[in-house]
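Undergrad:
Numbering (my numbering), first residue to last: 1 to 322.
1) Distance, Cα to Cα, residue 315 vs residue 222?
2) Please name the residue, chosen from 20, 303 and 179, that lies closest to residue 94 on a Cα-to-Cα basis.
3) What are the start and end residues of each continuous beta strand (DSSP E) run of 3 or more residues lying completely inside the segment 199 to 284, in chain order?
4) Report yes if the C-beta distance between residue 110 and residue 138 is below 8 Å; otherwise report no.
5) Using a Cβ-Cβ cut-off of 7 Å (strictly less than) and excluding sequence neighbours within five positions of residue 229, which residues of its own chain qualify?
6) Can you list, in chain order, the residues of its chain whose CB lies under 8 Å from that of residue 256, leaving out five sequence neighbours each side?
7) Tell me which residues share the same chain as residue 329 and place their Cβ nearer than 7 Å to its Cβ, disregarding the 5 neighbours each side in the sequence.
8) Determine whether the beta carbon atoms of residue 29 and residue 85 lie at a separation below 8 Å.
9) If you check the beta carbons only, do residue 97 and residue 151 fall under 8 Å apart?
10) Should the segment 231 to 239 be regarded as contacting the segment 263 to 275, the criterion being three or more beta carbon pairs within less than 8 Å?
11) If you count every other CB in all the chains shown that lies within 10 Å of the CB of residue 89, and 16 or more means buried, which is it?
12) Contact criterion: CB-CB distance below 8 Å. Does residue 16 meet it with respect to chain D?
13) Let me check understanding here. Comparing Cα to Cα, which of 128, 171, 67 and 121 lies closest to residue 107?
14) Leaving out five residues on either side along the sequence, give the residues of the same chain with a beta carbon under 8 Å from the beta carbon of residue 260.
15) Taking the beta carbon of residue 11 as the centre, do at least 16 other beta carbons fall within 10 Å, making it buried, or is it exposed?
16) Under the three-state reduction of DSSP, which class applies to residue 27: helix, strand or coil?
17) Taking just the CA atoms, how far does residue 173 sit from residue 190?
18) Mind checking whether residue 300 and residue 290 have CB atoms under 8 Å apart?
19) In the DSSP assignment, what residue or residues form a beta bridge with residue 305?
20) With a 10 Å radius around its C-beta and 16 neighbouring C-beta atoms as the bar for buried, classify residue 2 as buried or exposed.
21) On the criterion of 16 or more Cβ atoms from any shown chain inside 10 Å, does residue 242 qualify as buried, or is it exposed?
22) Taking Cβ to Cβ, would you say residue 132 is nearer than 8 Å to residue 202?
23) Which term fits residue 5, buried or exposed, when burial requires 16 or more other beta carbons within 10 angstroms of its beta carbon?
24) Between residue 123 and residue 225, what straight-line distance do the alpha-carbon atoms span, to the nearest angstrom?
25) Our contact map puts residue 199 next to residue 105 with C-beta atoms below 8 Å; I'd like the distance itself, whole angstroms only.
26) Since residue 333 is in the beta strand (DSSP E), which residue starts that stretch and which ends it?
27) Look at the Cβ atom of residue 144, then the Cβ atom of residue 182, and state whether they are nearer than 8 Å.
28) Find out if the Cβ-Cβ distance for the pair residue 159, residue 148 is shorter than 8 Å.
29) Could you name the residues of the same chain whose beta carbon sits closer than 8 Å to that of residue 185, not counting the 5 residues immediately before and after it, in chain order?
30) Apply the 10 Å Cβ neighbour rule to residue 294 and answer buried if 16 or more other Cβ atoms are within range, or exposed otherwise.
31) Round the Cβ separation of residue 112 and residue 140 to the nearest angstrom and send it over; I've been treating them as touching at under 8 Å.
32) Looking at residue 123 and the ligand ADP, is the gap between the Cβ and the nearest heavy atom below 7 Å?
Printed below as a string of structure tokens:
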């Protein structure tokens with residue numbers, strides 16, 4: 001068996017646990033071999049001739065492609081195999097898989113984000129099976145666990161489109177999210193249109209080529225339950241429609257920013273000290289602070305001249321605006 005065949009065998013062995021249709025081969029050679037190659041090319045003025053490193057990766061790549069019935073991809077391969085001729089090792093690095101979807105939450109008491117593993121603080125260790133999280137009792141944990149099992153991935157970095165309280169529901173078509181899965185073993189999968197995951201459901205899952213930038217703009221329809229410190233008359237409650245006419249200023253880093261708006265408001269009085277309201281508003285407005293008036297102006301409290309507190313808020317619709 002030739003030296004090349006030995007390393008080809010290592011490539012085949014390490015890659016057999018992964019699904020892929022394209023690959024790229026890299027190599028780490030002994031410095032002495034590279035030095036001799038440079039010396040010979042310089043001595044004989046060999047220009048336009050493939051170097052030994054490129055020749056090695058090209059030749060072993062051809063053999064690997066024939067064995068696995070896959071093709072070389074120099075731009076975005078499913079896996080990159082690196083042969084270390086110095087240490088007699090072969091490593092494989094699969095390309096991350098990017099997923100988009102939505103989730104609904106029909107049970108109160110489920111937090112959105114998962115606390116990291118206490119041993120590694122999210123880096124990945126034996127205690128958490130290198131997932132970075134050791135529990136799966138949040139929206140993030142339940143989605144991540146499903147994706148780990150589905151794709152054989154190790155970690156999932158989730159990009160959220162807005163957030164909600166642990167006590168909030170997310171109804172309708174759900175909240176959009178994006179996930180980056182690292183070290184996936186499976187790629188060619190049929191994803192379900194809907195999957196129930198013990199208190200939440202994931203919808204419309206699909207693989208994408210790129211996760212959008214962080215400044216995604218969206219609107220939400222939110223139902224709030226509000227209590228007031230003092231009695232509020234029905235005609236006074238109607239003054240909350242003022243919120244539609246003025247931008248919402250948020251205090252951030254000791255300065256006020258006018259960027260967010262409220263587009264619709266419907267009110268229903270439950271008692272002389274409580275009411276419900278349906279708001280249609282820009283994403284990014286902190287709901288509880290909008291009610292209480294903490295670093296938000298105007299607010300429910302400032303307009304009613306009555307200290308207000310948001311008991312509960314549920315999302316009924318979330319949609320992109322850009």
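Ideal placement from N, C-alpha and C gives every residue a C-beta, glycine not left out.
TA: Put simply:
1) Looking at the two C-alpha atoms, the distance is approximately 5 Å.
2) 20
3) Those beta strand (DSSP E) runs which fall completely within the segment 199 to 284 and span 3+ residues are 200 to 208, 218 to 228, 248 to 252, 255 to 260, 262 to 271 and 274 to 282.
4) yes
5) 306 and 307
6) 249, 250 and 297
7) Residue 329 falls outside the range modelled here, since the chain spans only 1 to 322, and no answer is possible.
8) yes
9) In contact: residue 97 and residue 151 (Cβ atoms closer than 8 Å).
10) yes
11) exposed
12) As a matter of chain content, chain D is missing from the structure shown, which is built from one protein chain.
13) 171
14) Hits under 8 Å: 247, 248, 250, 281, 282, 284 and 285.
15) buried
16) strand
17) Between residue 190 and residue 173, the C-alpha separation is close to 21 Å.
18) yes
19) Paired residue(s): none; residue 305 is not in a bridge.
20) Answer is exposed; the Cβ neighbour count stays below 16.
21) exposed
22) no
23) exposed
24) Approximately 39 Å between the Cα atoms of the pair.
25) 7 Å
26) Given a span of 1 to 322 for the chain in the structure shown, any question on residue 333 remains unanswerable.
27) no
28) With respect to the 8 Å criterion, residue 159 and residue 148 are not classified as neighbours on the basis of their beta carbons.
29) So the qualifying residues of the chain are 17, 18, 19, 94, 151, 152 and 153.
30) exposed
31) 7 Å
32) The ligand ADP is not part of the structure shown, which contains no ligands of any sort.
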